[in-house]
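Presented below is the structure to which this report refers.
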Amino acid sequence: MIPATLNDIFFGATARCGSRPVVMRAKRAGRWVDLSPTGLVARVHRVHAGLRDLGLVAGDRVAILSENRPEWAIADFACLTARLIDVPIYPTLTSKQMAYILRDAGARAIFVSSAALLAKLLEVRDEFPALEHVIAFDTDATADRVVSLQLLEARGEAAVARYAEWEAEARRALPDDIATLIYTSGTTGDPKGVMLTHGNITSNVVASLEVLDLATTDECLSFLPLSHIFERMVGHYTMLQAGVIISYATSMDALGTEMVEIRPTIMAAVPRLYEKIHARVVQRAVSAGGLKRALFEWACATGEKYLQYTLTHRRVPAGLALAMRAADRLVFTKVRASTGGRLRYFVSGGAPLNPDICRFFIAAGMPILEGYGLTETSPVITVNRMATLKPGTVGPPIPGVEVKIAPDGEILTRGPHVMKGYYNKAEATAEAIDSDGWFRTGDIGLLDADGFLKITDRKKDLIVTAGGKNIAPQPIEALLKTNRFFVSAVMLGDKQPFPIMLLVPSFGVLAPWIRHKGLGELAPAEAVRHPLVLEKLEREARISLRELAQFEMPKKFLILADDFSIERGELTPKMSIRRKVVEEHYRAEIAALYDGHAIA
């Protein structure tokens, strides 16, 4: 039976794999602990009963403030089966940002994972009296008027007999019922609560499974925030529906180690992960020098030649096929081993992926299926398929989804995946969705002859210089991220006489060069002020950007000692740059670059 709601997915998927020993796993005290399908259902039932026993009724809002872990999924499904509306909150948000969301959503209850996040919440709890219940996942997260998840489950177990018909009641949820309120992180302005229905997300799961190859033998490692719809839809609901085992990574820092431990076959990630893996692989090869570096460069060149045939479905010459087998055995098997050695493919979304990095992963035997979507579209609009990979595009629309390009180049989409609207914001909803149901994505792009979508930039990100030249910064920034000397790049210059570029060096790559030049050991703050270092980095940047038109080329560069961060508000939780914040943080340094030429 094709599911129509997220509750259909939960009950159907857990019933199909009920006899299996594991559906999810997480690390506890240094070891992986399994959760079986029957164990998951039992815990969801208890938490559901506990929430109902607290007096929560269908339509009430319940927030979830937590890192990825099985309890996140348990809380989510408990809310969904009780026909509550859950409101995920990024753990990285400030107390003030949390308060805005809780107040706007009118949440009656909140799940909180750790003592640290509980402390952040309690700083502002008195600002919203509507919040009646705080439920802590960790038993050490205790405070006045806070109950542990353990105690809530115990309460639910005592009340479970009163909710014996919970599945039948849960299946009364309709596709048009709101399942969740997800607040957009937003690169500007206050976040808006996106109302996604059961039908929105479920239609996206069903359509995605028509084009993604997933099986019950697959395992995924979940590390992107479940607070974001990309990981939640792909790494949570879609994996469960397909019978894939879900393991929850403990942190970004532990990801490399845990990939080797879990040996996932599928992973969803944002371009920043692929950029880091690529940079680390290149750095190791360059640092090794000699024969190893030459072998790596030969393997990459061989892989590029090989892709020229395979991606266009042409027969590979015998000599090249033989060379590719050698390159794979000598180099690419080691790259795959760093991810556990079993990875079949990645799914990428959230930001544009550099085509060169995409091609490297395909050559290495770990294809990246780049897709595109937004919170407001549940999220998937388009995605590449294994049989028709086209790096540089985000693939064709998934089944049931329409896409067209407006006269000004904006990408529009229509279908069952488009949100119900913004919570308590009728005017903003009307601006986003026209009378014919077309949602304005805010992205600029084009459809090629094969129907593949190519994103060229964010509509609001376009830089228009004082001379009237339009510059799309994201593709230019992506060029710099393939240079091993840089980890981050941000282009600015809207309404100014010329564009500039803010660059963050890879100090792991830069340090050996500094020593080689006889400059000793320089701290990052010292390195970015040294004339020889600045000259080297600017030269590297101009080499990477040598194919740009003259008006696109940054005229000046600002080299930074610190990378952009979520904590300082320069990045959204999904790692998108907030240009206005960056511009404000470095206002004085930017003004010095323009040296009196800036236009107020």
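Okay, so the sequence shown: first residue is 2 according to the working numbering, each after it adds one.
A virtual CB, placed ideally from N, CA and C, is assigned to each residue, including glycine.
Note that the structure is predicted; figures quoted are calculated from it, not measured.
Among the options, the one whose alpha carbon lies nearest that of residue i
{"i": "I477", "options": "A59, R441, G452 and I544", "result": "I544"}
{"i": "E170", "options": "F224, Q309 and L85", "result": "L85"}
{"i": "L480", "options": "G107, A243 and I358", "result": "I358"}
{"i": "D435", "options": "I445, H517 and G422", "result": "G422"}
{"i": "P500", "options": "L538, G452, F552 and A289", "result": "F552"}
{"i": "A162", "options": "P192, N484, R53 and V283", "result": "R53"}
{"i": "E371", "options": "A74, E377 and I382", "result": "I382"}
{"i": "I90", "options": "E72, A74, G107 and S67", "result": "S67"}
{"i": "R29", "options": "G40, L7, A14 and R70", "result": "R70"}
{"i": "T394", "options": "G469, M367, V283 and I456", "result": "I456"}
{"i": "L323", "options": "A593, L175 and G304", "result": "G304"}
{"i": "L256", "options": "I560, T15, I567 and A27", "result": "A27"}
{"i": "W73", "options": "I111, I102, G51 and A50", "result": "I111"}
{"i": "V271", "options": "V261, C301, E232 and E259", "result": "E232"}
{"i": "F12", "options": "L81, R62 and D105", "result": "L81"}
{"i": "D178", "options": "A79, G60 and E298", "result": "G60"}
{"i": "I399", "options": "W33, G452 and D437", "result": "G452"}
{"i": "R337", "options": "T311, A319, M367 and A327", "result": "M367"}
{"i": "I65", "options": "A76, L413 and L55", "result": "A76"}
{"i": "T313", "options": "T258, T93, K391 and A429", "result": "K391"}
Rounded separation between residue i and residue j - CA only
{"i": "M387", "j": "G194", "result": "34 Å"}
{"i": "T189", "j": "K581", "result": "The predicted model places T189 with a pLDDT of 49, which falls under 50 and marks its position as unreliable; any figure quoted below should be read in that light. For T189 and K581, the distance between alpha carbons rounds to 8 Å."}
{"i": "G374", "j": "G351", "result": "7 Å"}
{"i": "R360", "j": "Q497", "result": "35 Å"}
{"i": "D458", "j": "M99", "result": "29 Å"}
{"i": "L344", "j": "I363", "result": "12 Å"}
{"i": "R264", "j": "I369", "result": "17 Å"}
{"i": "A269", "j": "K518", "result": "41 Å"}
{"i": "L213", "j": "N201", "result": "18 Å"}
{"i": "Q242", "j": "G236", "result": "10 Å"}
{"i": "A208", "j": "T6", "result": "14 Å"}
{"i": "K537", "j": "V404", "result": "44 Å"}
{"i": "P4", "j": "K293", "result": "52 Å"}
{"i": "T251", "j": "F565", "result": "22 Å"}
{"i": "N8", "j": "M502", "result": "48 Å"}
{"i": "L215", "j": "A593", "result": "53 Å"}
{"i": "L454", "j": "L447", "result": "6 Å"}
{"i": "L354", "j": "G469", "result": "28 Å"}
{"i": "V348", "j": "L331", "result": "26 Å"}
{"i": "T340", "j": "D254", "result": "14 Å"}
{"i": "K461", "j": "L182", "result": "24 Å"}
{"i": "E522", "j": "R516", "result": "7 Å"}
{"i": "L175", "j": "R109", "result": "22 Å"}
{"i": "Y275", "j": "P356", "result": "11 Å"}
{"i": "A450", "j": "A83", "result": "47 Å"}
{"i": "C301", "j": "G291", "result": "16 Å"}
Beta-carbon contacts of residue i that lie in its chain and below 6 Å, excluding the five residues immediately before and after
{"i": "L150", "result": "I136 and F138"}
{"i": "A562", "result": "P525, A526 and V529"}
{"i": "M240", "result": "C221 and I247"}
{"i": "Y249", "result": "A27, N69, R70 and S223"}
{"i": "Y184", "result": "I102, P192 and G194"}
Cβ neighbours of residue i in the same chain (closer than 8 Å, five flanking residues each side left out)
{"i": "C18", "result": "V24, P38, T217 and G244"}
{"i": "T466", "result": "I472, G494, D495, K496, Q497, P498, F499, P500 and F552"}
{"i": "A601", "result": "Residue confidence for A601 is low, a pLDDT of 47 falling below 50, so the modelled location carries little weight and cannot support an answer."}
{"i": "R273", "result": "A352 and M576"}
{"i": "M234", "result": "I202, N205, V206, S209, S379, P380 and V381"}
{"i": "A165", "result": "none"}
Proximity test, residue i beta-carbon vs the ligand FAD heavy atom, cut-off 7 Å
{"i": "L520", "result": "The ligand FAD is not among the ligands present in this structure, which contains no ligands whatsoever."}
Cutoff 7 Å; reference residue i; Cβ partners in own chain excluding five residues on either side
{"i": "Y307", "result": "V317, L321, M325 and A364"}
{"i": "R485", "result": "A280, V283, Q284, V287, S507 and V510"}
* Meets three-Cβ-pair contact criterion under 8 Å: the segment 222-238 and the segment 31-49 -> no
* Asked: Enumerated in chain order, which unbroken segments of the alpha helix (DSSP H) with a length of 4 residues or greater are wholly contained in the segment 297-363?
  -> 319-328 and 334-338
* To do: Give, in chain order, every unbroken run of the alpha helix (DSSP H) that is at least 4 residues long and sits entirely within the segment 161-222.
  => 167-171 and 199-212
* Please list the segments of the alpha helix (DSSP H) lying wholly inside the segment 82-136, counting only runs of 4 or more residues, in order along the chain. => 96-106 and 116-123
* Asked: Are the segment 499-513 and the segment 274-285 touching by the rule of at least three beta carbon pairs closer than 8 Å?
  -> yes
* Asked: With contact counted as at least three CB pairs below 8 Å, one residue from each stretch, are the segment 575-595 and the segment 532-540 in contact?
  -> no
* Every unbroken alpha helix (DSSP H) inside the segment 413-459 [4 residues or more] -> 427-433
* Every unbroken alpha helix (DSSP H) inside the segment 236-273 [4 residues or more] -> 240-243 and 256-263
* alpha helix (DSSP H) runs wholly inside the segment 532-594, at least 4 long, in chain order -> 532-545 and 580-586
* **Complete alpha helix (DSSP H) runs within the segment 27-60 (minimum length 4 residues, chain order)** => 38-54
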